[in-house]
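Protein chains in written order, with the working numbering: chain P, 1 to 313; chain D, 1 to 335.
Beta carbons are placed, not taken as given, at the ideal position from N, Cα and C, and that holds for glycine.
In structure tokens:
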């Protein structure tokens with residue numbers, strides 16, 4: 001249910017049968033601007049029913065990629081196919097889109113804004129169904145400009161759902177939301193996912209990607225640097241645990257130690273399979289350990305490992 | 001297609017009606033015009049008659065007729081120009097007081113008839129030279145111009161800036177992600193603005209017409225048809241300008257570039273009959289000129305459908321052209 005506030009679980013692997021058909025195929029996509037190569041030969045396919053995440057920092061090319069997939073931006077070369085065909089009228093009828101930034105028509109209520117978009121599709125859900133699905137019944141009569149950030153995103157999601165889409169694009173849907181609104185939005189997306197919708201999600205929130213996505217592609221400088229199920233990628237790249245220390249607690253003399261160091265802006269991370277040996281080495285180098293944190297690797301660490309950059313908004 | 005068009009049309013109408021400031025301005029403007037016209041053309045009694053005198057200057061001492069009360073004497077040295085004014089009832093009588101005294105009177109003009117009696121009482125030997133023409137007050141001639149000017153501003157600015165705002169806010173980009181097509185969106189904008197324009201123009205026509213005592217000599221339904229065609233043409237022109245630009249300054253500049261020549265050359269305030277041929281040629285490129293020519297022909301001369309067909313055809317053809325060009329060049333998003 002949408003309103004469930006129960007314990008969250010990471011995305012379940014979807015069944016092989018559901019994933020047998022690619023609903024979207026992206027082949028050798030390139031987007032070139034006069035001074036920038038925004039997307040540099042990206043290829044992947046998205047099976048039906050999957051939540052597919054495009055991850056990366058700002059400027060990685062994920063929004064450009066998703067807007068080409070949505071048919072909003074033309075590609076310089078390459079192609080996107082929906083259910084085996086180039087994007088066309090069928091795609092427009094069957095796709096739901098939530099842009100990173102969208103303004104709605106002024107002076108319309110929540111219900112009227114939804115009704116406007118419902119009128120643009122041949123088939124879909126009723127306005128009342130969409131209001132209920134996105135928990136907007138009590139806000140139906142309110143001017144859409146007077147909604148909070150979280151309510152606004154729920155309305156935009158409701159508009160993306162009016163045609164009961166087979167594929168739903170969510171471009172950084174929770175950027176700028178407070179933690180509670182973000183978690184409420186995740187509940188909504190999980191509920192939509194349970195209706196066997198294909199979801200394409202871009203985000204730079206790793207928790208969001210791990211929670212919602214069945215498969216992720218990490219982008220950097222317009223290219224996909226790795227792709228796979230989040231837990232599978234982590235197992236592939238990290239057999240170790242990570243030790244985190246504030247940068248100021250890590251003396252320069254300790255850099256001589258035979259450790260696998262990853263440097264972030266405010267901290268030093270040490271990747272190791274021999275936790276006890278590493279701790280002994282740090283104590284031997286007189287490194288203060290009172291701020292030490294030990295944790296398993298996550299997607300952010302994976303990005304850091306793959307690109308040498310931090311994954312930050 | 002109709003369903004999508006109606007959805008956008010309904011939403012746009014709601015937006016317009018609920019934008020109280022704009023709605024109030026749109027309704028207040030015609031009321032202000034009505035009040036302004038009542039001040040300009042109401043007020044204290046004016047001279048009953050206007051008589052042109054074929055002379056460079058007027059000396060009241062030279063002739064008893066020139067001392068008559070409630071008659072305004074105007075020096076009109078050029079006979080040809082004076083006769084044109086007489087035929088358009090901008091003069092009630094024209095006299096040449098050099099012996100032998102001659103005068104010209106428009107036999108269709110009631111005021112000309114009285115003015116002639118006054119002259120004959122003072123100068124019995126004056127020789128009559130008849131001129132025909134229909135009585136037209138300046139206010140009757142100006143009235144279609146005022147309606148047309150209001151229509152032009154509402155069409156061009158009302159549509160152009162709305163589309164520009166939609167594009168800048170990203171609303172157009174969101175619509176582009178739906179099955180809505182450019183011509184459906186533009187069609188909805190045209191119909192929405194047309195409803196507003198026709199409502200406001202009707203208020204103006206009835207309001208000002210009542211104040212100044214104007215009655216159309218021709219068919220009101222034909223006048224309505226011409227107004228629809230003129231509105232369509234200018235709304236489509238506004239949409240064409242807003243079809244791809246994203247800068248308010250640029251769109252504002254282009255709209256001003258179009259509206260000012262139309263204000264001056266389309267015959268809102270004065271007739272361009274005496275202007276050079278090239279000016280008339282330029283003026284007839286503007287849709288407003290065709291709207292005003294047609295409207296004056298119907299309202300003043302009582303012209304029928306056949307006489308305004310060229311104006312109707314030009315207005316509808318330009319409407320289609322602008323709409324097609326607008327749809328072709330339309331941009332949903334900022335490049």
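Query raised in the report: Just the Cα atoms here: how many angstroms apart are residue 252 (chain D) and residue 106 (chain P)?
Result: 22 angstroms
Requested in this report: Check whether the Cβ atoms of residue 318 (chain P) and residue 51 (chain P) sit closer than 9 angstroms, and answer yes or no.
Outcome: Limits of chain P in this structure are 1 at one end and 313 at the other, which puts residue 318 (chain P) out of reach.
Report task. Look up residue 128 (chain D) in the DSSP assignment and give the residues it is bridged to. Result -> Residue 128 (chain D) pairs with D:103.
Query raised in the report: Can the beta-carbon of residue 208 (chain P) be found closer than 9 angstroms to that of residue 182 (chain P)?
Result: Yes.
Query raised in the report: If we ignore side chains and look at the alpha-carbon of each, how far apart do residue 305 (chain P) and residue 56 (chain P) end up?
Result: The straight-line gap from Cα to Cα measures roughly 13 angstroms.
Query raised in the report: Name the chain D residues that come within less than 8 angstroms of residue 152 (chain P), Cβ to Cβ?
Result: The premise fails here: residue 152 (chain P) is roughly 13 angstroms from chain D at the closest Cβ pair, so nothing lies under 8 angstroms.
Query - Of the listed residues D:257, D:243, D:197, D:296, nearest to residue 165 (chain D) (C-alpha basis) - result: D:243
Requested in this report: Could I get the ranges of all uninterrupted alpha helix (DSSP H) runs contained in the region 173-207 of chain P, with 4 residues as the minimum, in chain order?
Outcome: Runs of the alpha helix (DSSP H) inside the region 173-207 of chain P: 179-193.
Query - Beta-carbon proximity list for residue 148 (chain D), same chain, < 8 angstroms, skipping 5 on both sides - result: 230, 266, 268, 288, 291, 292, 295
Requested in this report: Give every residue of the same chain whose Cβ lies closer than 6 angstroms to the Cβ of residue 254 (chain P), excluding the five residues on either side of it in the sequence, and list them in chain order.
Outcome: 285, 287
Query raised in the report: At which residues does the beta strand (DSSP E) containing residue 246 (chain P) begin and terminate?
Result: 241-246
Query raised in the report: chain D beta carbons: is any one of them nearer than 9 angstroms to that of residue 158 (chain P)?
Result: no
Requested in this report: Identify every residue that forms a DSSP beta bridge with residue 25 (chain P).
Outcome: P:45, P:81
**Report entry** Residue-chain proximity (residue 119 (chain P), chain D), Cβ-Cβ < 9 angstroms
**Finding:** yes
Query raised in the report: Would residue 159 (chain D) count as contacting chain P if we go by Cβ distances under 9 angstroms?
Result: Output row for residue 159 (chain D): interface = no.
Requested in this report: Could you tell me whether any Cβ in chain P is nearer than 9 angstroms to the Cβ of residue 350 (chain D)?
Outcome: Look at the range of chain D in this structure, 1 to 335, and you will see that residue 350 (chain D) is not part of it.
Query raised in the report: the region 81-105 of chain P: which residues have C-beta closer than 7 angstroms to a C-beta of chain D, in chain order?
Result: 89, 92, 93, 97, 99, 101, 102, 103, 104, 105
Requested in this report: Quick one: list the residues of chain D neighbouring residue 23 (chain P), beta-carbon separation under 8 angstroms, in chain order.
Outcome: Going along chain D, no residue has its Cβ under 8 angstroms from residue 23 (chain P), so there is no contact; the nearest lies around 17 angstroms.
Requested in this report: Could you work out which residue in P:232, P:241, P:185 is closest to residue 293 (chain P) when comparing CA atoms only?
Outcome: The option with the nearest alpha carbon to residue 293 (chain P) is P:241.
Query raised in the report: Counting pairs of beta carbons, one from the region 21-39 of chain P and one from the region 172-189 of chain P, are three or more of them closer than 8 angstroms?
Result: At 8 angstroms Cβ cutoff, the stretches do not touch.
Query raised in the report: Just how far apart, CA to CA, sit residue 28 (chain P) and residue 41 (chain P)?
Result: Distance from the CA atom of residue 28 (chain P) to the CA atom of residue 41 (chain P), rounded to whole angstroms, is 4 angstroms.
**Report entry** Selection from D:8, D:285, D:124 that minimises the alpha carbon distance to residue 100 (chain D)
**Finding:** Comparing Cα positions, the closest option is D:124.
Report task. Determine the DSSP secondary structure at residue 155 (chain D), reduced to helix, strand or coil. Result -> helix
**Report entry** Backbone CA spacing between residue 120 (chain P) and residue 210 (chain D) [nearest angstrom]
**Finding:** 44 angstroms
Query - Chain-order list of residues whose beta-carbon lies under 7 angstroms from that of residue 162 (chain P) (same chain, five-residue window excluded) - result: 114, 117, 118, 121, 124, 125, 130
Requested in this report: Under 8 angstroms Cβ to Cβ from residue 261 (chain D), same chain only, skipping five residues before and after it: list those, please.
Outcome: 282, 286
Requested in this report: Identify which residue in D:246, D:227, D:187 has its Cα closest to the Cα of residue 9 (chain D).
Outcome: D:187
Query raised in the report: Are the CB atoms of residue 339 (chain D) and residue 16 (chain D) nearer to each other than 9 angstroms?
Result: The shown model of chain D, from 1 to 335, leaves out residue 339 (chain D), and the question about it has no answer.
Query raised in the report: So which of D:91, D:63, D:171 has the shortest CA-CA distance to residue 120 (chain D)?
Result: D:63
Query raised in the report: Would you say residue 244 (chain D) reaches chain P, if we count a Cβ-Cβ gap shorter than 9 angstroms as a contact?
Result: no
Query raised in the report: In three-state terms, what does DSSP make of residue 293 (chain D)?
Result: helix
**Report entry** Endpoints, beta strand (DSSP E) assigned at residue 118 (chain P)
**Finding:** First-last for residue 118 (chain P): 110-118, but that is the alpha helix (DSSP H), not the beta strand (DSSP E).
Report task. Whole angstroms is fine: what's the gap from residue 74 (chain P)'s alpha carbon to residue 64 (chain P)'s? Result -> 10 angstroms
Requested in this report: To the nearest angstrom, report how far apart residue 171 (chain P) and residue 230 (chain P) are at their CA atoms.
Outcome: 19 angstroms
**Report entry** Exposure label - residue 163 (chain D); buried when at least 16 CB within 10 Å
**Finding:** Residue burial is scored here from C-beta neighbours: residue 163 (chain D) has at least 16 other C-beta atoms within 10 angstroms and is therefore classed as buried.
**Report entry** Interface residues of chain C facing residue 116 (chain P) [CB-CB closer than 8 angstroms]
**Finding:** Reference to chain C is not applicable here, since the protein chains of this structure are P and D.
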